[in-house]
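Participant: Pasting a structure below so you can have a look.
Protein chains: 4
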Amino acid sequence: MAELDLIVRNARVATAGDEFEADIGVKDGVVAHLARRLEAEAGREIDARGRVVTPGGIDGHCHIDQPTTDGSVCADDFASATRSAACGGTTTVIPFALQMKGMTLREAVDDYHRRAEGNALVDYAFHLIITDPSEQVLGQELPALIRDGYTSFKVYMTYDDMKLDDRQILDVLSVARREQGLVMIHAENSEALAWLTRKLELAGRTAPREHATSRPGPVEREATHRAITLAELTDTPILIVHVSSREAIEQIRWAQGRGLRVYAETCPQYLFLTEDDLARDGFEGAKCICSPPPRDAANQQVVWDGLINGAFQVFSSDHAPTRFDDAQGKKLHGADASFRYVPNGVPGLETRLALLYSRGVLEGRLSRQQFVALTASNVARMYGLFPRKGTIAVGSDADLVVWDEKEVVIRNDALHHDVDYTPYEGMALKAWPGLTLCRGHVVWDGEAPAPAGGWGRFLACAPPAPARPAGRHVTDFHPA
Amino acid sequence: MAELDLIVRNARVATAGDEFEADIGVKDGVVAHLARRLEAEAGREIDARGRVVTPGGIDGHCHIDQPTTDGSVCADDFASATRSAACGGTTTVIPFALQMKGMTLREAVDDYHRRAEGNALVDYAFHLIITDPSEQVLGQELPALIRDGYTSFKVYMTYDDMKLDDRQILDVLSVARREQGLVMIHAENSEALAWLTRKLELAGRTAPREHATSRPGPVEREATHRAITLAELTDTPILIVHVSSREAIEQIRWAQGRGLRVYAETCPQYLFLTEDDLARDGFEGAKCICSPPPRDAANQQVVWDGLINGAFQVFSSDHAPTRFDDAQGKKLHGADASFRYVPNGVPGLETRLALLYSRGVLEGRLSRQQFVALTASNVARMYGLFPRKGTIAVGSDADLVVWDEKEVVIRNDALHHDVDYTPYEGMALKAWPGLTLCRGHVVWDGEAPAPAGGWGRFLACAPPAPARPAGRHVTDFHPA
Amino acid sequence: MAELDLIVRNARVATAGDEFEADIGVKDGVVAHLARRLEAEAGREIDARGRVVTPGGIDGHCHIDQPTTDGSVCADDFASATRSAACGGTTTVIPFALQMKGMTLREAVDDYHRRAEGNALVDYAFHLIITDPSEQVLGQELPALIRDGYTSFKVYMTYDDMKLDDRQILDVLSVARREQGLVMIHAENSEALAWLTRKLELAGRTAPREHATSRPGPVEREATHRAITLAELTDTPILIVHVSSREAIEQIRWAQGRGLRVYAETCPQYLFLTEDDLARDGFEGAKCICSPPPRDAANQQVVWDGLINGAFQVFSSDHAPTRFDDAQGKKLHGADASFRYVPNGVPGLETRLALLYSRGVLEGRLSRQQFVALTASNVARMYGLFPRKGTIAVGSDADLVVWDEKEVVIRNDALHHDVDYTPYEGMALKAWPGLTLCRGHVVWDGEAPAPAGGWGRFLACAPPAPARPAGRHVTDFHPA
Amino acid sequence: MAELDLIVRNARVATAGDEFEADIGVKDGVVAHLARRLEAEAGREIDARGRVVTPGGIDGHCHIDQPTTDGSVCADDFASATRSAACGGTTTVIPFALQMKGMTLREAVDDYHRRAEGNALVDYAFHLIITDPSEQVLGQELPALIRDGYTSFKVYMTYDDMKLDDRQILDVLSVARREQGLVMIHAENSEALAWLTRKLELAGRTAPREHATSRPGPVEREATHRAITLAELTDTPILIVHVSSREAIEQIRWAQGRGLRVYAETCPQYLFLTEDDLARDGFEGAKCICSPPPRDAANQQVVWDGLINGAFQVFSSDHAPTRFDDAQGKKLHGADASFRYVPNGVPGLETRLALLYSRGVLEGRLSRQQFVALTASNVARMYGLFPRKGTIAVGSDADLVVWDEKEVVIRNDALHHDVDYTPYEGMALKAWPGLTLCRGHVVWDGEAPAPAGGWGRFLACAPPAPARPAGRHVTDFHPA
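Residue numbers (the working numbering), protein chains in the order written: chain L, 1 to 480; chain U, 1001 to 1480; chain V, 2001 to 2480; chain W, 3001 to 3480.
Shown next as structure tokens:
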């Protein structure tokens, strides 16, 4: 066994299922041995005595170097985003290859590969965003792309330049069912929020805080119910992304209780921000504008409950890197313009894991197993990367985070993205990744990221593998 | 008191609130006296000893002489429809003045008055159907029409040539809130049912029974949830019409339980037909095609429960008079065509009251008070006709039904509409109106209707008056 | 028609179903005639022009001259209680004939008749309280008493000297089903509240405010769920009395939605008091101790919603007349003793109607029809007194309230019970009964009650007549 | 690494979190090494190529050599029960040390150790059954026993000689909260089922099938709701055992959705039997009498859904070994006696895993991970045996099942308990354990169990470790 490349000794390994002390032997970037005591030697040894080691995080929802249509600029390219990911303990990112209207999906994918190639510090796969589900796209491109390893695709129920109507969503779901893809859904009622926005503007209420007023809980709840119905009619699993509210969670648990394969994701902004943050002084509230908006403390508690009781399967960042103090940033159209023109989204790739580990695990809300499941294992399963990614087991990639349990105050200065703020500035945490390895390679050593360059590789995804209960059929008719 | 025109003696009067024995004195078409024993005499006396007398029915949902866009023909004009109504105990009908796309609302109303004028045997008011909610319509026409007595308007969430999108519905609700109108909503998800229909057709499944397959419970449930959300966002009362399913009823009770002013209507076809009736031999199933479709026995029971526990406020016919065996009828495009081309709807103006009285009251499911509330008083309140219509009280119009409790078998031959079938052919009932009076005038004597001609008058409606609980506000923002 | 005894002219009559202007002609204590204009004359005429006239209230839940077991004293006898009722617009009271353990029911009833006879200013019927459901009681006494007009009986799930266990309740329900009685249930989990009380006492928390802590929402919810289950198993209607909380209301609406005949009552203390009132200075909070306890503002809103949406059928006072500053009163065992020894209950016979009319009707939450239904008509139906009581219709008793709409501040000095406080001291109302008639006799003229003495008569009750939907059977087995 | 005792080569290891191929190296009964290829040699090697290896099952609910009070006999002692367990893939059993009324807990435990000592083929821990929660028991014995490794205790809401009342359950919960024990609850309303039983008997309905009639869904639902309430009031986790019905599951999911730590268990009899099995010819139905009773196919589906969506955490046998054709067996009082005298329970220790693996995993309803979680890992966590038991990880006991995927028909002749029937006789399965190892020792080789004798050891349990969400407090008061 002299052939091992690396041994992490005395690790307190925590996976989604287990917790044990072991030496981890790595060969060719893969976990080759787990043992109480590995007698072999290796080119490199790391002593993790007394420290928890978890699987490298997988961020299943982040926006990187994504083209925009509103004149704003995505501040992170693959280099900065994956650097930031690595420093926060994330070893796989799954950003979105966006089909602009009129583009083929394949063109979007090819373009996105060009952006990623050679620039990523950690591994990556691609979701697709389908904005133009033409017959060609649905009948030929999408099936071919699924076979090529692009097995998850997001559809929007809002945003004028991206949203699909219910019939288009049914078409996409129908393909997903036949070809075994997974549909991710952004669920907000587009027309309702546009209507409310217009009313607010007519009343002169355009400050950032009104962003929340324009998208109240029922706007999210309605679209969630509708998405569930479309999934039910086609007997197809779906993932509702970035769920923010008690009302949406009630719909999701109702669906799950009836045996539907409805999965859900939430994000740090729904645990740690509220609508009050949108009312921060000056235009600062714009920093926290994202959709759906943060709610209130009661909703935060229900989101926590959903993490605990299994309503949510995955916890992602929805990293959307728009700068604040920048001509193409949150102030794009000037602080006088309506909230509606503020580019949506908050940065979060680097802070996701430490936030949940500190406030979830170390404050007793979640077990380490739940933490790993939500941030890594379930994500890998959901997107067809398991067991290669998302766990620490024989044969899996040696993606490891060694935790330092110590007080850390979040400062944007200390983060590694190219965004000029974090919404969590000044928040005190109890832990931060002290070491991050991607396929056995140290990409963050607690002080600095590894040098830029192409360590990260593209991952082709298998069909999604959430548990597949025997379907309940609403009608006796299903698309061929 | 010699001045009375009519006395109905020894009536067992049943209203929504009361049940008592009295002589009913009528003067100028209005109830002038109620007394144990009226000593006065009158031009006409009717002895109702031993018989129940209820307020004349109000059919709040019926289609009469309504223009169509699919080449079918509305078989009943005001003469035949109101004749049929009278013979079934209904003394007020509220059909729909339909705005065809491109038409003004006022034109629709004027045209509809021309069709009604001089032809109605019983009284009538008009709902509006809004298919083109332009700025002109919403800003000027609709407010003016509400002031003129057209206070309720229906919007469709389905049917390509009539449906409104969510933003348009919000606009209509917003006007209704400000001007005190009532919005009636046909709730089915248009895109979902179109999608399912197309899949069924591609699979060669085009028989009438597939009409039900194409519009399963979740299609109705989703639109119901969405309608509730739109009403909630605008803090406006709505009436969900012709509710057919357990799933939609659950949504409605959920909304009512949260203090929302969500009202609901159901119809005889959801109590007495099932989807099996759509599978009747040959093309006969087409006779029962209506939307939403009849469901199954379990759903029927839940509809009964909803009548009993107050989920439903009104019980209407949704009379849609299309002939079966007729070139422009249910067989319009031939029995080989898809169910989708079969004109929707079933006739029911004449049978509505006797069906509910027999199966509801006389079989012990409903009290007489509930019967009167559902078929007359609540309808009058809902549409601003109370207390002129819908009750037997001092000052109210003398619209009376004297019941004969006897076995009656429904035969289309014995009905008075111009439709060539009834879906209830052969059903045995336990009662039928023996006498119908509209404003003191006998319009049905148990043998024959009164001669055609213009006894019926137009009724301008006041603002709707369902109970108005203190609103719960979802947002702090409401349209000016 | 010169034979009329009384005419109330120009009344704006409001009943549960109707609202109309009329002259009301009374003969022999009964409404003989309703007309726009009565040409007859009468011994007495009252002009009600411009004023609303509603049916005299029926208080279906009040404690009068009831024996106690804890050394406290019921401060109101039939004379003072019915005087107070009359001055507040209530013309029928239904207090409880209490079976003490070991007593026969018939003894309890006979004793109670002796207490009432000749002392009541308004009419009265009796509920029974069953504390000892022996075979003799269930098999012989109760059926006989039901036939004699005592058709409703209350059982307690709490209070050591009165509570029945689940098997006894099933026995009582079973008799009620067979003999057509109505079971009223006080639903709180006795053991849970005793356990919490003991824990609080051990912790030295004995102040009045802890009364609410000792009986939190789940204590009421659990017993409500259990009561519903027992009713479901026996397929028997029940009335849950004095419901206070959102959690119990959810259970009730859930049961009603499933077609069960579960009825519910609430009381003014759950609309107008909160647990904060139990924390009033000194020992004053004891004035508001009742069970279940008042909750918080959010619960109050849900109780209002339940009145509006039909969860509740009746609104009663639960008048429990214990003096505050009295050796046998709320201070019975001294202010140092635990809350558990404070006699439960608040006075409310006189204020019930004016509170609901002012805050419900005149502030727009309820229609006048809902007000009448909740306070009179539904009560009469529930307890088999309809249509003799509870409405203004031909043949009904002339029990009338003529309302003065004017500002009135509640002052105990101005009330007519024998209790030394009202929990609503200082509350401003917008109306008060200006005149109360019981069977055509003025029992309150707006200034003073009629002289004491026996105008009030005993009313034998018919079987309860809430709507009886076709039963849903949980098992295929029902008691013979 | 020559020191290994055993290597299982080429195993397709499935745990609650992972699935990987590895060689498993065992030393001193513990998993010492997991690797793609172990170069070491060992005293024994087993080749598992192509076969799935799961953790040995833990049966968290079984009755072994338990004293009875009804004259029946527990047919399995530790020797036969653990032999049967081993042959079915179960390597740890947790039967119940029963406190008979009047006995101390410690006496019960000591007695039970004597029964187990030296007789068990697989490992064992003990639950306690508390039937007499005296002050002494609660204040001293129970805390001491918890510290000694008896950390879970069951209470009954039914059975006359065992049931606790609500106050006693609150006391037990309160101790559990303070001392970190776990309370398991048998939830059926004792009085309701006794009442229904008596009614059935009076009607002459005493056949086995009436057992189900006497305990309909609402009887279980009510007690489940009550148990949840008691847990909520004390802010204490509970486990509802052997849940059988849709109605109980709805209560459980409702509680879980509100953030309560309510856990649930179901059993094979609720997936594979229905009430029709109680109606088998002759007295054969008695073989399937257990409590709660099996329900119908619709309920079975909801139980499956609950396994899939996480309502259930554990899947146990509730093995209750009473012979059928035996003087002290199911026919105890003769086939003419009422169902109420038939000893309750079905045997199931040996068939539990194969049933769930075949019908759950191999028919696609559950993933292997879910299977392992439900039958081993979660059970170990629930009862404080994790990670020593319930997984295949470095440092865990080498409890292994090697699966043979082949057609097996269940025949009682081939089972190894001492019961004379299985309710699943003749059922065809798709897999059966081919090899069972307990701490590295082969206890079943696919042909025969290891010789009797004391391989099995007693396991002291740590405090239960289900995830502990931050408590939601119903009241502000909690027991010291």
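Glycine is no exception: its CB is placed at the ideal position from the N, C-alpha and C atoms.
From the DSSP output, in three-state form, read off residue 2156 of chain V for me.
Facilitator: By one-based count along the third sequence, residue 2156 of chain V stands at place 156. Three-state result, residue 2156 of chain V: strand.
Participant: Compare the C-beta of residue 2034 of chain V against all C-beta atoms of chain U and say whether one is closer than 7 Å.
Facilitator: As a position in the third sequence, residue 2034 of chain V is number 34, starting the count at 1. So, interface residue.
Participant: Would you list the one or two residues that DSSP bridges to residue 1430 of chain U?
Facilitator: Taking the second sequence and counting its residues from 1, one reaches residue 1430 of chain U at position 430. None, per the DSSP bridge assignment.
Participant: Quick check on this structure: which residue in U/1066, U/1037 and U/1144 has the alpha carbon closest to the alpha carbon of residue 1319 of chain U?
Facilitator: Taking the first residue of the second sequence as 1, we reach residue 1319 of chain U at position 319. Nearest C-alpha to residue 1319 of chain U: U/1066.
Participant: Do the stretch 381-398 of chain L and the stretch 15-31 of chain L make contact, defined as three or more Cβ pairs closer than 8 Å?
Facilitator: They touch, by the three-pair rule.
Participant: Spatial neighbours of residue 2441 of chain V within its chain, please: C-beta separation below 8 Å, excluding the five flanking residues on both sides.
Facilitator: Along the third sequence, read from residue 1 onward, the residue named residue 2441 of chain V stands at position 441. Hits under 8 Å: 2029, 2450 and 2455.
Participant: Can you give, in chain order, each stretch of the alpha helix (DSSP H) that sits fully within the stretch 186-268 of chain L and has at least 4 residues?
Facilitator: Fully enclosed alpha helix (DSSP H) runs of 4 or longer: 190-202, 210-213, 217-234 and 246-257.
Participant: I need the straight-line Cα distance from residue 1328 of chain U to residue 1071 of chain U, nearest angstrom please.
Facilitator: Residue mapping note: residue 1328 of chain U aligns to position 328 of the second sequence, counting from 1. Residue mapping note: residue 1071 of chain U aligns to position 71 of the second sequence, counting from 1. For residue 1328 of chain U and residue 1071 of chain U, the distance between alpha carbons rounds to 7 Å.
Participant: Would residue 2069 of chain V be called buried (16 or more neighbouring beta carbons within 10 Å of its own) or exposed?
Facilitator: The residue you call residue 2069 of chain V lines up with position 69 of the third sequence. The residue is exposed, with fewer than 16 neighbouring Cβ atoms inside 10 Å.
Participant: With distances taken Cα to Cα, identify the nearest neighbour of residue 1338 of chain U among U/1105, U/1146 and U/1212.
Facilitator: Along the second sequence, one-based indexing puts residue 1338 of chain U at 338. Of U/1105, U/1146 and U/1212, the residue nearest in Cα terms is U/1212.
Participant: Given a cut-off of 7 Å on the beta-carbon distance, is the pair residue 2372 of chain V and residue 2058 of chain V in contact?
Facilitator: Within the third sequence, residue 2372 of chain V is the residue found at index 372, counting from 1. Within the third sequence, residue 2058 of chain V is the residue found at index 58, counting from 1. For residue 2372 of chain V and residue 2058 of chain V, no; Cβs fall outside 7 Å.
Participant: Can you find at least 3 beta carbon pairs, one from the stretch 35-48 of chain L and one from the stretch 347-359 of chain L, that sit closer than 8 Å?
Facilitator: At 8 Å Cβ cutoff, the stretches do not touch.
Participant: Based on the DSSP secondary-structure assignment, which residues constitute the bridge partners of residue 19 of chain L?
Facilitator: Sequence index remark: in the first sequence, residue 19 of chain L carries index 19 (1-based). For residue 19 of chain L, which the question treats as bridged, DSSP gives the partners L/14.
Participant: Apart from the five residues on each side of it in sequence, which residues of its chain come closer than 6 Å, Cβ to Cβ, to residue 3086 of chain W?
Facilitator: To locate residue 3086 of chain W, count along the fourth sequence from 1; it is residue 86. Answer for residue 3086 of chain W: 3121, 3122, 3436, 3443, 3444 and 3449, listed in chain order.
Participant: Check each residue of the stretch 3267-3288 of chain W: if its Cβ is closer than 8 Å to any Cβ of chain L, include it; give the result in chain order.
Facilitator: Of all residues in the stretch 3267-3288 of chain W, none has a Cβ within less than 8 Å of some Cβ in chain L.
Participant: Compute the Euclidean distance between the alpha carbons of residue 3108 of chain W and residue 3226 of chain W, then round it to the nearest angstrom.
Facilitator: What you label residue 3108 of chain W is simply residue 108 of the fourth sequence in a count that begins at 1. What you label residue 3226 of chain W is simply residue 226 of the fourth sequence in a count that begins at 1. One C-alpha to the other measures close to 28 Å.
Participant: Only counting the same chain, and skipping five residues up and downstream in sequence, which positions put a Cβ closer than 7 Å to that of residue 480 of chain L?
Facilitator: By 1-based counting over the first sequence, the position of residue 480 of chain L is 480. Legend: pLDDT at residue 480 of chain L = 34, less than 50; position of this residue unreliable, no value from coordinates given.
Participant: If we cut at 7 Å on Cβ distances, does residue 3108 of chain W have a partner in chain V?
Facilitator: If you number the fourth sequence from 1, residue 3108 of chain W lands on position 108. No, its Cβ sits nowhere closer than 7 Å to a Cβ of chain V.
Participant: Below 8 Å, how does it come out for the stretch 1143-1150 of chain U and the stretch 1198-1209 of chain U: are there three or more Cβ pairs, yes or no?
Facilitator: No, because fewer than three Cβ pairs between the stretch 1143-1150 of chain U and the stretch 1198-1209 of chain U fall closer than 8 Å, the two stretches do not touch.
Participant: With a 10 Å radius around its C-beta and 16 neighbouring C-beta atoms as the bar for buried, classify residue 3390 of chain W as buried or exposed.
Facilitator: On the fourth sequence, residue 3390 of chain W is found 390 positions in, with the first residue counted as 1. Under this definition residue 3390 of chain W is a buried residue.
Participant: Would you say residue 1390 of chain U touches the ligand MG, meaning its beta carbon is less than 6 Å from a heavy atom?
Facilitator: With respect to small molecules bound, the structure shown includes none, and the ligand MG cannot be examined in it.
Participant: Would you kindly work out how many angstroms separate the C-alpha atoms of residue 1112 of chain U and residue 1061 of chain U, rounded to a whole number?
Facilitator: Indexing the second sequence from 1 puts residue 1112 of chain U at position 112. Indexing the second sequence from 1 puts residue 1061 of chain U at position 61. In a straight line, the C-alpha of residue 1112 of chain U is about 16 Å away from that of residue 1061 of chain U.
Participant: In this structure, what does DSSP give as the bridge partners for residue 2124 of chain V?
Facilitator: Here residue 2124 of chain V corresponds to residue number 124 of the third sequence, with the count starting at 1. Answer is V/2093 and V/2458.
Participant: Tell me, please, whether the stretch 3086-3102 of chain W touches the stretch 3415-3433 of chain W by the rule of three or more beta-carbon pairs shorter than 8 Å.
Facilitator: They touch, by the three-pair rule.
Participant: Can you name, in chain order, every residue of its own chain whose Cβ lies under 6 Å from the Cβ of residue 1180 of chain U, other than the five neighbours on each side?
Facilitator: Position 180 of the second sequence holds residue 1180 of chain U. 1463, listed in sequence order.
Participant: Strictly under 7 Å for the Cβ-Cβ distance: is residue 1143 of chain U near chain L by that measure?
Facilitator: Here residue 1143 of chain U corresponds to residue number 143 of the second sequence, with the count starting at 1. No, residue 1143 of chain U does not count as interfacial toward chain L.
Participant: Whose Cβ in chain U lies nearer than 7 Å to the Cβ of residue 167 of chain L?
Facilitator: Your numbering for residue 167 of chain L matches position 167 in the first sequence. In chain order: 1191, 1194 and 1195.
Participant: Measuring only the C-alpha atoms, how far is residue 1248 of chain U from residue 1263 of chain U?
Facilitator: Locating residue 1248 of chain U in the second sequence gives position 248, counting from the first residue. Locating residue 1263 of chain U in the second sequence gives position 263, counting from the first residue. Computed Cα separation, rounded: 12 Å.
Participant: Compile a chain-ordered list of the residues in the stretch 2244-2269 of chain V whose CB is closer than 7 Å to at least one CB of chain U.
Facilitator: So the close ones are 2253, 2256, 2257 and 2259.
Participant: Just the Cα atoms here: how many angstroms apart are residue 1265 of chain U and residue 1310 of chain U?
Facilitator: The residue labelled residue 1265 of chain U in the question sits at position 265 within the second sequence. The residue labelled residue 1310 of chain U in the question sits at position 310 within the second sequence. So the two alpha carbons sit approximately 11 Å from each other.
Participant: Less than 7 Å between CB atoms is the rule here; does residue 397 of chain L satisfy it with respect to chain W?
Facilitator: As a first step, residue 397 of chain L must be located in the first sequence, where it is residue number 397. Chain W, which has no Cβ nearer than 7 Å to the Cβ of residue 397 of chain L, makes this no.
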